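Here is the structure we will look at.
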Amino acid sequence: MDNNITRNGTEEDDDQASLLDIVFSWNLKDALNEDLYKHKVQKIPETFGSPSEYLNSFISPLIEETHSDLCQNLKGISRAPFCQILTVERSKFFKLPKDLFYLISVKKITDEVEDEVENFGKYDPQPGDLFALADVRPKNIGDLNRPKRYYHIAYVCGAPKDSDTGEILILSSKSMEDDIEPGFRRHITQELYAIRLLNLTTNIRIWKALHSPSDSENMKLIKQVLQPDLNGGENCPKCLCGVEDELLLSITGRTILRSQNLNQSQEDAISSCVNICDHKVITKLIWGPPGTGKTKTVACLLFHLLESKHRTLACAPTNTAVLEVAGRLHGLVNGSLGYETYGLGDMVLLGNKARMKVDSYPGLENVFLDYRVKNLVKCFSPLSGWNHNMESMIRLLENPKEEYSLYEKDMGLMSLEDFAMQNGSGVRNAYRASMPVNGGDCSMTFMDYLKKKSKDIIEKFFSYRDDKKKIMMTMEQFVKQRFGELTKNLKFLMQTLYTHLPKSFISLEDVKKMFVVMDLLSSVEVRLMACLGDCGEGKSVTHYFGSSREKVLSILSSLLKSISLPKGGIEKFCLLNARIILCTASGSINLYTEGMTPIRFLVIDEAAQLKECESAIPLQLPGLQRCILIGDEKQLPALVKSKIAEKAEFGRSLFERLVLLGYKKHMLNVQYRMHPSISLFPCKEFYDGKISDAPNVLERSYNKRFLDGEMYGSFSFINIAKGKEQFGRGGFSSKNVVESAAIVEIIGSLKKEFMRSRKNVSIGIISPYNAQVYEIQEKVKQYSSVSDPNFSVSVRSVDGFQGGEEDIIIISTVRSNGSGKVGFLSNKQRANVALTRARYCLWILGNAATLVNSDCVWKKLVLDAKKRDCFHNADDDKKLVRAIELAVFELELLEGSDQSRFKKINLDDKSETATTLCRPRKSRW
Numbered sequence: 001m002d003n004n005i006t007r008n009g010t011e012e013d014d015d016q017a018s019l020l021d022i023v024f025s026w027n028l029k030d031a032l033n034e035d036l037y038k039h040k041v042q043k044i045p046e047t048f049g050s051p052s053e054y055l056n057s058f059i060s061p062l063i064e065e066t067h068s069d070l071c072q073n074l075k076g077i078s079r080a081p082f083c084q085i086l087t088v089e090r091s092k093f094f095k096l097p098k099d100l101f102y103l104i105s106v107k108k109i110t111d112e113v114e115d116e117v118e119n120f121g122k123y124d125p126q127p128g129d130l131f132a133l134a135d136v137r138p139k140n141i142g143d144l145n146r147p148k149r150y151y152h153i154a155y156v157c158g159a160p161k162d163s164d165t166g167e168i169l170i171l172s173s174k175s176m177e178d179d180i181e182p183g184f185r186r187h188i189t190q191e192l193y194a195i196r197l198l199n200l201t202t203n204i205r206i207w208k209a210l211h212s213p214s215d216s217e218n219m220k221l222i223k224q225v226l227q228p229d230l231n232g233g234e235n236c237p238k239c240l241c242g243v244e245d246e247l248l249l250s251i252t253g254r255t256i257l258r259s260q261n262l263n264q265s266q267e268d269a270i271s272s273c274v275n276i277c278d279h280k281v282i283t284k285l286i287w288g289p290p291g292t293g294k295t296k297t298v299a300c301l302l303f304h305l306l307e308s309k310h311r312t313l314a315c316a317p318t319n320t321a322v323l324e325v326a327g328r329l330h331g332l333v334n335g336s337l338g339y340e341t342y343g344l345g346d347m348v349l350l351g352n353k354a355r356m357k358v359d360s361y362p363g364l365e366n367v368f369l370d371y372r373v374k375n376l377v378k379c380f381s382p383l384s385g386w387n388h389n390m391e392s393m394i395r396l397l398e399n400p401k402e403e404y405s406l407y408e409k410d411m412g413l414m415s416l417e418d419f420a421m422q423n424g425s426g427v428r429n430a431y432r433a434s435m436p437v438n439g440g441d442c443s444m445t446f447m448d449y450l451k452k453k454s455k456d457i458i459e460k461f462f463s464y465r466d467d468k469k470k471i472m473m474t475m476e477q478f479v480k481q482r483f484g485e486l487t488k489n490l491k492f493l494m495q496t497l498y499t500h501l502p503k504s505f506i507s508l509e510d511v512k513k514m515f516v517v518m519d520l521l522s523s524v525e526v527r528l529m530a531c532l533g534d535c536g537e538g539k540s541v542t543h544y545f546g547s548s549r550e551k552v553l554s555i556l557s558s559l560l561k562s563i564s565l566p567k568g569g570i571e572k573f574c575l576l577n578a579r580i581i582l583c584t585a586s587g588s589i590n591l592y593t594e595g596m597t598p599i600r601f602l603v604i605d606e607a608a609q610l611k612e613c614e615s616a617i618p619l620q621l622p623g624l625q626r627c628i629l630i631g632d633e634k635q636l637p638a639l640v641k642s643k644i645a646e647k648a649e650f651g652r653s654l655f656e657r658l659v660l661l662g663y664k665k666h667m668l669n670v671q672y673r674m675h676p677s678i679s680l681f682p683c684k685e686f687y688d689g690k691i692s693d694a695p696n697v698l699e700r701s702y703n704k705r706f707l708d709g710e711m712y713g714s715f716s717f718i719n720i721a722k723g724k725e726q727f728g729r730g731g732f733s734s735k736n737v738v739e740s741a742a743i744v745e746i747i748g749s750l751k752k753e754f755m756r757s758r759k760n761v762s763i764g765i766i767s768p769y770n771a772q773v774y775e776i777q778e779k780v781k782q783y784s785s786v787s788d789p790n791f792s793v794s795v796r797s798v799d800g801f802q803g804g805e806e807d808i809i810i811i812s813t814v815r816s817n818g819s820g821k822v823g824f825l826s827n828k829q830r831a832n833v834a835l836t837r838a839r840y841c842l843w844i845l846g847n848a849a850t851l852v853n854s855d856c857v858w859k860k861l862v863l864d865a866k867k868r869d870c871f872h873n874a875d876d877d878k879k880l881v882r883a884i885e886l887a888v889f890e891l892e893l894l895e896g897s898d899q900s901r902f903k904k905i906n907l908d909d910k911s912e913t914a915t916t917l918c919r920p921r922k923s924r925w
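Residue numbers for the sequence shown, in full-length UniProt numbering: 1 to 925.
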């Protein structure tokens, strides 16, 4: 942590009040006031007159969104994760009145106390976290604002760079001395807890981007997207005058694209982005509907830019989306490399190691910045790195005897003279006394004198030598062991260099030499093993290393001269020299470093899910000339928690706004995911029928059946008329236990069929309502926790499933009422996502009457299902009937609304229906 750290958690001063200052200024009443900024937030326009107007339009909505997030989390404080603070002391950055920096340490939650905090969850404070302080584990908001302990929050800055004690640097909203105890001390005598509220990292980064100088040279791209682009970047005067484009697809690029079997729309989209002039600032849009190979197209585009040596930043809203693109690109690059991993040094993946979970993506560790820096540090080390090991191997090959002598000295093996000088002081004095007084000639040396006069010292010396040699290696053993160690080190160092160094720092010729010399070193090592014990004192070095010695020496000397390792920070070196950098849009703020090599291309994947204000972070990078946005505004936009900010269009993306302004979109129009009966409705409803089915989904093998019966075909709507919607926990979300019971029955049938056939199947269960997601998760836990990787069950909200796909998708629509009210279920973007996740089977559960009366997209879907004979009543399946009847009975019993029905059941009746209905709920599920 540098000494110039400021209150906004950055290392640069800001003349404006920081976002953190604003958050700290709210008292508890302000924080809980949902209307605090109601009259301060203006709707974000579609066009702007200047960069300053553009940036300023996002500031108030950003504050409101931050406030709303904090407000919601404070209201749910009883469920927030927490940890206990053990020690507090002032940091060296502490300075009154506002820079209230402290160092804290927290208690680690161990297995012994894990059950005690299960309902709260573990909490390990992370940089960017905002947490509340309390002397009790809060059960309600009042516990944060009791007498003598008023609302107090703190921001986690991180750990000091020079600290390995586990201490955490925080910035407090007010002094902790008075709040903790009189006579402030390091060790806290009473309990003190940190309760996590939210993470401010992204919002603080956006805030910084919105406060950039609007007259900066880095505003070229932002200026280009303020108004409609009348010609879409076409008709450049210089190009019309005959100036050649420099980004035309290279021969290598075309070969790669052909090898990927891209369809025409994918090729056209890539060509439109690279076959453009170099004289204008240009923004391009690629429209990627569900299943149309958007990620594959992005990866191919990035690969071409990599091969064309154009420095590019590839962003996405989330770590997951970044990893998907990085994984695809890594596969392309890896498949094109002639020498193992040579060339991967030109791409780097940047992000938080704990959050990115890179280990889940094979091979990505070779491009992940943290892993790369860790390995290059070993190469750059002056005492154990590349130069040291190369020089050591050269010396060993040139003169093994001299190296062995050095080894003997290192082992402390003394000569007879040295031994006598240290251990025979009486003999040494007698020798000096025997020397001629007048300085005359004396032919007797000390060694001669020693051999003649002191046989006991000589005997001690040889005894000492024997003892030493018992633990010392012979020369043959030393050469073998030293050669083996250096060979192992050099192989690791060579692999590290050709994997992690950019091509501009290590030539292909040098890499070829590395592979040759590694083979030679292996063969020499085999020879040494074979001739061990056959190399006497008088043997030459050729007997040790064979005829390969001269060639190995030549190559090693050549490599030592030609590969010059850079000096300075390794992390900055990697970022400065990479051709492709991949990170989240928020994480691109790490590229705002003095001396950073300009980035020319900006590619944003999932651009329709990225708030426009967040895209302002990468849009201002120095040197940007091209921006390529890939997304689909017909799917879900970015999540906005504040209703006020949502009405102000705070969640709208740059992609969507440019579409509204009439920017041309290059559409990917062939879908590879869905069975034709699944794709038919969404393609017609959301994409005007412009998407066609790829050959793979038209093949007979794609018509898979997982359960018997027409109800479980590729596409079906299953009408559950007896469902009943309720409010779930917290009262803010709906659930339908009858639909969840039907889903459990279906999952159970799928599991039985899987156990019989052993055919792989992945199942996704989607509901728009979180309460229903929780309800289903609890009931299918026995299936979703199954360790068999060939049978998987995933239950998520629609938002959680965006970008995902499964073999079977089951949708629970939840709403069941006589008025046709469906709330936000009517959102077309949410419906689009839910209906386009399945590969082979899509089964939709809902109350048909409610949905038809809703007069929204779900009405069209039900009518379409009836028209195509894909509409089924749950009553047609006996197993579903039993599950539904039991769920209805239990619901009525719990509500106490129909006790008479319970009386009608004959407890002596041994039929399956009666037994099932009377069975306790726990054993049923």
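C-beta atoms are modelled at their ideal positions from N, C-alpha and C, and glycine is treated no differently.
Note that this is a predicted model, so its numbers are computed, not measured.
Which one of the options has the shortest CA to CA distance from residue i?
i                 : options                           : result
glutamate 656     : Phe801, Val761 and Cys613         : Cys613
lysine 611        : Leu62, Leu556, Asn33 and His39    : Leu62
residue 928       : Ser757, Gln264 and Lys684         : The requested residue 928 does not occur in the structure, where the chain is confined to residues 1 to 925.
glutamine 84      : Ser57, Leu329, Asp124 and Gln72   : Asp124
serine 507        : Lys561, Ala530 and Thr474         : Lys561
glycine 651       : Glu46, Ala31, Lys29 and Asp21     : Glu46
valine 281        : Ser25, Ser854, Phe889 and Leu624  : Leu624
lysine 92         : Glu53, Ala159, Ile44 and Leu86    : Ala159
phenylalanine 732 : Pro695, Pro622 and Gly823         : Gly823
isoleucine 589    : Leu556, Gly351, Gln802 and Leu406 : Gly351
glutamate 606     : Ser265, Lys641, Arg395 and Leu654 : Leu654
histidine 211     : Phe871, Gln224, Phe48 and Leu19   : Leu19
cysteine 574      : Leu490, Leu556 and Met596         : Met596
Hey, is residue i close to the ligand ATP, as in C-beta under 7 Å from one of its heavy atoms?
i          : result
proline 45 : Ligands displayed in this structure: none; no statement on the ligand ATP is therefore possible.
My guess is that residue i and residue j are in contact by the Cβ rule of under 8 Å, so how many angstroms apart are they, rounded?
i           : j             : result
proline 682 : valine 697    : About 14 Å separates the two Cβ atoms, so there is no contact after all.
proline 127 : threonine 201 : 7 Å
valine 761  : leucine 750   : 7 Å
valine 517  : leucine 397   : That pair is no contact at about 11 Å.
leucine 658 : threonine 283 : 7 Å
Does the beta-carbon distance from residue i to residue j come in below 8 Å?
i              : j              : result
glutamate 775  : serine 794     : no
valine 348     : valine 377     : no
lysine 722     : isoleucine 844 : no
tyrosine 783   : isoleucine 808 : no
asparagine 399 : methionine 356 : no
histidine 152  : leucine 130    : no
isoleucine 763 : isoleucine 747 : yes
asparagine 703 : serine 692     : no
lysine 43      : glutamate 895  : no
Quick check on residue i: does DSSP put it in helix, strand or coil?
i                 : result
alanine 638       : coil
lysine 910        : Confidence at lysine 910 is low in this model, with a pLDDT of 40, below 50, so the placement of that residue should be treated as unreliable; the coordinate-derived value is given next. In the structure shown, lysine 910 sits in coil (DSSP, three-state: anything other than H, G, I, E or B).
histidine 872     : strand
histidine 666     : strand
tyrosine 407      : helix
valine 793        : strand
phenylalanine 368 : strand
cysteine 241      : Confidence in cysteine 241 is poor, its pLDDT being 49 and thus under 50, which makes the residue's placement unreliable; the coordinate value appears in the next sentence. In the structure shown, cysteine 241 sits in coil (DSSP, three-state: anything other than H, G, I, E or B).
glutamine 227     : coil
Inset, instruction - Scan the segment 708-766 and note each continuous alpha helix (DSSP H) run of 4 residues or more that stays entirely inside, going in chain order. - result: 737-757
Legend entry - Contained alpha helix (DSSP H) runs [length at least 4] in the segment 257-327, N- to C-terminal order: 264-274 and 294-307
Legend entry - Within the segment 80-115, ranges of the alpha helix (DSSP H) (whole runs, at least 4 residues): 111-114
Legend entry - Inside the segment 802-872 only - alpha helix (DSSP H) runs reaching at least 4 residues: 828-835, 848-853 and 857-867
Legend entry - Contiguous beta strand (DSSP E) assignments of at least 3 residues, all confined to the segment 555-639: 580-584, 601-604 and 626-631
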